[in-house]
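Line by line, the protein sequences are chains S and A. Mind the numbering: the first sequence is residues 1 to 257 in full-length UniProt numbering, read in order. Mind the numbering: the second sequence is residues 1 to 486 in full-length UniProt numbering, read in order. Think of the CB as a built atom: it goes at the ideal place given N, C-alpha and C, for glycine as much as any other residue. The structure displayed is predicted, hence computed values, not measured ones.
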Amino acid sequence: MATLEIKDLHAEVETEEGSKEILTGVNLTVRSGEIHAFMGPNGSGKSTLAYAIAGHPKYNVTSGSVLLDGEEVLEMSVDERARAGLFLAMQYPVEVPGVSMSNFLRSAATATRGEAPQVRHWVKEVKQAMSDLEIDESFSERSVNEGFSGGEKKRHEILQLDLLKPKFAILDETDSGLDVDALRVVSDGINRYTESGDKGVLLITHYTRILKHIKPDYVHVFVKGQVAESGGPELADELEESGYVRFTEKKEAAAQS
Amino acid sequence: MTAAAEQRTPTTVPSSEPMSQEETIATLGNYEYGWSDPDVAGANAQRGLNEDVVREISERKGEPDWMLQARLKALGLFERKPTPAWGADLSDIDFDNIKYFVRSTEEQAQTWDDLPEDIKNTYDRLGIPEAEKQRLVAGVAAQYESEVVYHKIREDLEEKGVKFLDTDTALREHPEIFEEYFGSVIPAGDNKFSALNTAVWSGGSFIYVPKGVHVDIPLQAYFRINTENMGQFERTLIVVDEGAYVHYVEGCTAPIYSTDSLHSAVVEIVVKRNARCRYTTIQNWSNNVYNLVTKRAKAEEGATMEWVDGNLGSKVTMKYPSVFLMGEHAKGEVLSVAFAGENQHQDAGAKMEHMAPHTSSSIVSKSIARGGGRTSYRGLVKVAKRANHSASNVKCDALLVDNISQSDTYPYVDVRVDDVTMGHEATVSKVSDDQLFYLMQRGLTEDEAMAMVVRGFVEPIARELPMEYALELNRLIELQMEGAVG
Numbered sequence: 001m002a003t004l005e006i007k008d009l010h011a012e013v014e015t016e017e018g019s020k021e022i023l024t025g026v027n028l029t030v031r032s033g034e035i036h037a038f039m040g041p042n043g044s045g046k047s048t049l050a051y052a053i054a055g056h057p058k059y060n061v062t063s064g065s066v067l068l069d070g071e072e073v074l075e076m077s078v079d080e081r082a083r084a085g086l087f088l089a090m091q092y093p094v095e096v097p098g099v100s101m102s103n104f105l106r107s108a109a110t111a112t113r114g115e116a117p118q119v120r121h122w123v124k125e126v127k128q129a130m131s132d133l134e135i136d137e138s139f140s141e142r143s144v145n146e147g148f149s150g151g152e153k154k155r156h157e158i159l160q161l162d163l164l165k166p167k168f169a170i171l172d173e174t175d176s177g178l179d180v181d182a183l184r185v186v187s188d189g190i191n192r193y194t195e196s197g198d199k200g201v202l203l204i205t206h207y208t209r210i211l212k213h214i215k216p217d218y219v220h221v222f223v224k225g226q227v228a229e230s231g232g233p234e235l236a237d238e239l240e241e242s243g244y245v246r247f248t249e250k251k252e253a254a255a256q257s
Numbered sequence: 001m002t003a004a005a006e007q008r009t010p011t012t013v014p015s016s017e018p019m020s021q022e023e024t025i026a027t028l029g030n031y032e033y034g035w036s037d038p039d040v041a042g043a044n045a046q047r048g049l050n051e052d053v054v055r056e057i058s059e060r061k062g063e064p065d066w067m068l069q070a071r072l073k074a075l076g077l078f079e080r081k082p083t084p085a086w087g088a089d090l091s092d093i094d095f096d097n098i099k100y101f102v103r104s105t106e107e108q109a110q111t112w113d114d115l116p117e118d119i120k121n122t123y124d125r126l127g128i129p130e131a132e133k134q135r136l137v138a139g140v141a142a143q144y145e146s147e148v149v150y151h152k153i154r155e156d157l158e159e160k161g162v163k164f165l166d167t168d169t170a171l172r173e174h175p176e177i178f179e180e181y182f183g184s185v186i187p188a189g190d191n192k193f194s195a196l197n198t199a200v201w202s203g204g205s206f207i208y209v210p211k212g213v214h215v216d217i218p219l220q221a222y223f224r225i226n227t228e229n230m231g232q233f234e235r236t237l238i239v240v241d242e243g244a245y246v247h248y249v250e251g252c253t254a255p256i257y258s259t260d261s262l263h264s265a266v267v268e269i270v271v272k273r274n275a276r277c278r279y280t281t282i283q284n285w286s287n288n289v290y291n292l293v294t295k296r297a298k299a300e301e302g303a304t305m306e307w308v309d310g311n312l313g314s315k316v317t318m319k320y321p322s323v324f325l326m327g328e329h330a331k332g333e334v335l336s337v338a339f340a341g342e343n344q345h346q347d348a349g350a351k352m353e354h355m356a357p358h359t360s361s362s363i364v365s366k367s368i369a370r371g372g373g374r375t376s377y378r379g380l381v382k383v384a385k386r387a388n389h390s391a392s393n394v395k396c397d398a399l400l401v402d403n404i405s406q407s408d409t410y411p412y413v414d415v416r417v418d419d420v421t422m423g424h425e426a427t428v429s430k431v432s433d434d435q436l437f438y439l440m441q442r443g444l445t446e447d448e449a450m451a452m453v454v455r456g457f458v459e460p461i462a463r464e465l466p467m468e469y470a471l472e473l474n475r476l477i478e479l480q481m482e483g484a485v486g
């Protein structure tokens with residue numbers, strides 16, 4: 001049983017006009033076995049939260065804390081966070097020319113597991129995971145993300161999730177840019193990952209369509225760098241019908257008063 | 001007696017004096033292959049260059065008079081020619097403080113067992129016997145100091161008439177081939193360092209592949225400098241006769257020394273009609289070596305010459321493998337990778353001279369600079385008036401690992417005819433924060449992530465290398481990237 005606790009997290013980003021506060025006090029707890037859908041309009045700071053937790057150098061955490069089983073994540077380097085069990089499926093995975101997918105996957109598995117996986121098992125494992133995600137075998141010899149379509153990149157993020165099996169996964173708009181079939185394949189991949197019941201997921205999205213495939217235990221509405229409201233799956237249904245207006249207006253009103 | 005002994009143990013050594021062997025060994029640094037064997041042979045070698053040194057080299061080798069005359073003429077050229085003022089800074093080379101000839105064993109050994117123990121130890125650490133056991137190499141010419149001490153060639157190659165010898169033996173055994181081609185591609189007066197090499201050359205490889213013979217496995221040679229301040233002036237001559245093919249592979253590692261060493265080789269290659277030659281080098285001199293090498297090939301009609309050149313070590317490298325495309329449909333290719341770390345300047349590139357119609361050339365250069373190192377791409381593509389319908393493509397990519405390193409590009413193009421196709425592409429990139437973040441988010445440390453990006457960058461070159469060299473290149477990159485960040 002693992003716990004990821006985000007406490008009063010404030011973070012800013014450097015812009016041309018100086019630093020700008022994006023996260024204005026985020027509070028959230030994710031336990032293993034739980035799926036949290038994290039929804040909000042564009043620009044609400046959802047991705048910033050994901051990157052701040054993972055430790056991207058562009059985002060500067062000014063106060064608050066992120067605890068993984070009581071350990072302060074913010075004091076760890078990016079790779080230490082990854083090895084501690086935090087995984088971020090990125091919205092825009094970068095290309096690494098000349099590094100084959102197979103080499104990259106094996107290096108990542110070696111790093112996160114603490115030892116190199118046995119070749120025979122590993123080859124089987126990768127083959128199975130690729131076939132589950134309907135990824136052609138030829139991709140294993142292609143350079144990491146190079147020349148991949150948006151959908152191919154997303155599949156590969158989930159491929160990594162399935163192989164690395166982190167304690168907690170933050171999925172940053174993994175559903176965006178996917179057609180109906182790809183959305184199903186990717187969602188199935190995420191469901192396979194959570195099957196064991198001991199994984200925690202923070203699913204960032206601004207559409208409800210992925211929630212038809214992945215059933216969240218909790219839904220949070222994120223507005224202006226904070227959690228505006230939390231609830232069960234019924235909150236997603238409300239968003240589906242009425243959009244974010246109620247929450248953004250409430251925020252505006254609160255800001256004005 | 002007592003007085004003399006006392007004189008021999010002074011408490012202070014003037015700084016201008018060359019260091020003793022013990023002092024030298026004591027200064028051995030953290031360079032991976034930076035160990036040194038007891039330097040018996042080198043201790044007695046004379047420093048500095050004059051006519052007597054040249055005559056002695058030639059006499060001790062029992063050379064024909066024409067070679068002595070060629071050496072003496074080259075010495076005159078060397079003395080008259082100025083040190084190049086372009087390219088890398090060579091002003092610190094002290095030609096008077098270099099040993100020009102060191103003989104490590106009197107006789108050449110025939111098998112590993114015949115080698116002196118300390119020499120075997122050196123090679124064991126380089127893994128040569130293993131490589132040979134695995135039959136990865138068709139013949140091994142291991143150069144220890146100035147002379148080839150070990151030489152073996154697979155029997156079937158001998159049967160096919162392939163000659164793979166050290167250059168000194170080749171001069172004795174095949175004087176007719178030698179006299180015809182020696183200096184025919186790179187005349188002594190080509191530049192100061194080709195003149196120097198011609199005057200004092202010693203050792204190197206000689207390969208002759210008869211008409212139509214395909215040598216299937218790469219021929220390999222290993223080189224080492226083992227004497228402080230000893231110049232290595234090996235001379236390599238390769239003749240690939242019509243329709244034949246050979247791949248020659250050369251790797252270098254050298255122990256580290258506290259004063260500067262000079263390596264100035266000359267490699268001449270003749271690729272005859274419809275023949276193909278590939279010459280692969282991974283060079284990893286220790287970081288105090290001046291590596292000033294002249295490499296050139298002549299490609300006749302329909303012939304193909306490929307240089308694969310990796311420059312990872314040395315203090316200064318100036319090396320521009322070239323191909324003179326002499327006959328129609330001749331092809332030239334250079335693939336090069338350079339890595340410059342702290343206090344290193346890699347000034348490397350290529351030269352293609354199109355002298356006949358329908359000739360084509362391709363240059364792919366990749367360079368990496370870190371820790372304040374500097375890489376320069378310097379290339380020349382020349383298309384002569386009669387070389388109609390020629391094509392050339394140049395691609396040079398530089399990768400900067402940090403903000404204190406430097407990369408520059410000097411592409412020269414000289415085209416004297418209209419109907420040619422020329423391509424040139426140059427990029428300079430930095431390892432991006434996003435790439436590092438992505439790889440580190442998957443658990444790799446910053447050093448590992450950096451090394452992975454760099455390895456990926458040189459992958460187009462690495463995949464052209466024989467397997468064991470590709471692995472060595474990757475290993476060297478990892479070593480070079482350790483502590484590169486943070």
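### Query
Should V186 of chain S and D175 of chain S be called a contact, given that it needs their Cβ atoms to be closer than 9 Å?
yes
### Message
Which residues in chain A have a C-beta closer than 9 Å to the C-beta of T112 of chain S? List them in chain order.
### Response
R442 and G443
### Message
Tell me whether the region 469 to 482 of chain A and the region 147 to 157 of chain S touch, counting them as touching only if at least three CB pairs, one residue from each stretch, are closer than 8 Å.
### Response
no
### Message
Quick check on this structure: which residue in S:K124, S:Y92 and S:M90 has the alpha carbon closest to the alpha carbon of S102 of chain S?
### Response
S:K124
### Message
Using a Cβ-Cβ distance cut-off of 9 Å, determine whether residue 501 of chain A contacts chain S.
### Response
Shown here, chain A extends from 1 to 486; a query on residue 501 of chain A therefore has no answer.
### Message
Short of 8 Å Cβ to Cβ, which residues in the region 458 to 475 of chain A face chain S?
### Response
V458, E459 and P460
### Task
Report back the beta-carbon spacing between L86 of chain S and P166 of chain S to the nearest angstrom; my notes put them in contact at under 8 Å.
6 Å
### Message
Spatial neighbours of L67 of chain S within its chain, please: C-beta separation below 6 Å, excluding the five flanking residues on both sides.
### Response
E5
### Query
What is the DSSP secondary structure of I269 of chain A, reduced to helix, strand or coil?
strand
### Task
Answer with yes or no whether the minimum CB distance from M481 of chain A to chain S is below 9 Å.
no
#### Entry: Contact under 9 Å by Cβ, L49 of chain A with D89 of chain A
no
### Message
Residues of the region 81 to 99 of chain S in Cβ contact with chain A at a cutoff of 9 Å, in chain order, please.
### Response
R81, A82, R83, L86, F87, L88, M90, Y92, P93, V94, E95, V96, P97, G98 and V99
### Query
Quick one: does residue 266 of chain S have its CB under 9 Å from some CB of chain A?
The requested residue 266 of chain S is not part of the displayed model; chain S covers only 1 to 257.
### Task
Compare the C-beta of G40 of chain S with all C-beta atoms of chain A and state if any pair is closer than 9 Å.
no
### Query
In the DSSP assignment, what residue or residues form a beta bridge with I368 of chain A?
A:F339 and A:L399
### Query
So, is A236 of chain S buried or exposed, given that buried needs 16 or more other C-beta atoms within 10 angstroms?
buried
### Task
Name, in chain order, the residues that DSSP records as bridge partners for L67 of chain S.
S:E5 and S:E72
#### Entry: Members of the region 42 to 56 of chain S near chain A, C-beta cut-off 9 Å
Y51, A54, G55 and H56
### Task
Identify, in the order they occur along the chain, each residue of the same chain with its Cβ nearer than 6 Å to the Cβ of K331 of chain A, setting aside the five sequence neighbours on each side.
T304 and S360
### Query
Buried or exposed: where does L471 of chain A fall if 16 or more other Cβ atoms within 10 Å of its Cβ makes it buried?
exposed
### Query
Candidates A:D190, A:E155 and A:L196: which alpha carbon is nearest I98 of chain A's?
A:L196
### Start-to-end residues for the alpha helix (DSSP H) that takes in A50 of chain S
K46 to A54
### Query
Is there contact between the region 385 to 402 of chain A and the region 350 to 365 of chain A, where contact requires at least three CB pairs shorter than 8 Å?
yes
### Query
Closest Cβ-Cβ distance between S138 of chain S and chain D: below 9 Å?
Here chain D cannot be found, since the structure's protein chains are S and A.
### Task
Specify the secondary structure class of N97 of chain A as computed by DSSP and reduced to three states.
helix
### Within the region 375 to 457 of chain A, ranges of the alpha helix (DSSP H) (whole runs, at least 4 residues)
433 to 441
### Message
For T227 of chain A and P82 of chain A, I'd like the C-alpha separation in whole angstroms.
### Response
The predicted model places T227 of chain A with a pLDDT of 45, which falls under 50 and marks its position as unreliable, so this point remains unresolved.
### Query
Leaving out five residues before and five after T280 of chain A in sequence, what residues of the same chain have Cβ atoms less than 6 Å from its Cβ?
V249 and V308
### Task
Rank S:Q118, S:L28, S:K7 and S:E240 by C-alpha distance to the C-alpha of S230 of chain S and give the top, closest one.
S:L28
### Message
Would you call the region 453 to 468 of chain A in contact with the region 397 to 408 of chain A, where contact means no fewer than 3 C-beta pairs closer than 8 Å?
### Response
yes
### Task
Assign M352 of chain A to one of three DSSP states: helix, strand, or coil.
strand
### Task
Give the DSSP-derived three-state secondary structure of D89 of chain A in the structure shown.
coil
#### Entry: One or two residues paired with A169 of chain S in a DSSP bridge
S:F87 and S:V201
### Where G161 of chain A falls: helix, strand or coil (DSSP)
coil
### Task
Classify A108 of chain S as buried or exposed, calling it buried when 16 or more other Cβ atoms lie within 10 Å of its own Cβ.
buried
#### Entry: Bounding residues of the beta strand (DSSP E) (the contiguous stretch that carries T317 of chain A)
V316 to K319
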